[in-house]
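To convert, take the position in the sequence shown, counting from 1, and add 1469; that gives the working numbering.
C-beta atoms are modelled at their ideal positions from N, C-alpha and C, and glycine is treated no differently.
These notes are about the structure you will find just below.
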Amino acid sequence: VVLGVAMSYFAWSARSLLSATSFTVVGNVCKLLTITINVAIWDKHASPFGIMCLLFCLSAAYFYKQAPMRADSKNDEEDEGKELLPK
């Protein structure tokens, strides 16, 4: 319980000191270090397939990009006064 509370406290303090992107990078690096240490030290760890799936998920997160903003259209000026749902 004490370790869980300490981890939560330091995670909240790190969020206040780092940007969202930096916090995500730190979290992903911690995941990779944890898996590496687990494989190096103990016999019971994830299967090669499980590690491959984890690396796939982390690489997909690396290549993720936010969707681009929509270009302004001519209809935006006409739609400004219209309500989305009728009353």
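Between residue i and residue j, what straight-line distance do the alpha-carbon atoms span, to the nearest angstrom?
i, j, result
"L1501", "R1539", "36 Å"
"S1477", "V1498", "17 Å"
"V1508", "G1519", "12 Å"
"Y1531", "L1554", "39 Å"
Since residue i and residue j should fall inside the 8 Å C-beta cutoff, what is the C-beta to C-beta distance between them, to a whole number of angstroms?
i, j, result
"L1523", "I1504", "7 Å"
"V1495", "A1483", "7 Å"
In this structure, how does DSSP classify residue i when only helix, strand and coil are distinguished?
i, result
"M1521", "helix"
"A1530", "helix"
"A1480", "helix"
"K1513", "coil"
"A1489", "helix"
Does the beta-carbon of residue i, which I'm using as the reference point, lie nearer than 7 Å to any heavy atom of the ligand ADP?
i, result
"C1526", "Looking at this structure, you won't find the ligand ADP or any other ligand, since it has none at all."
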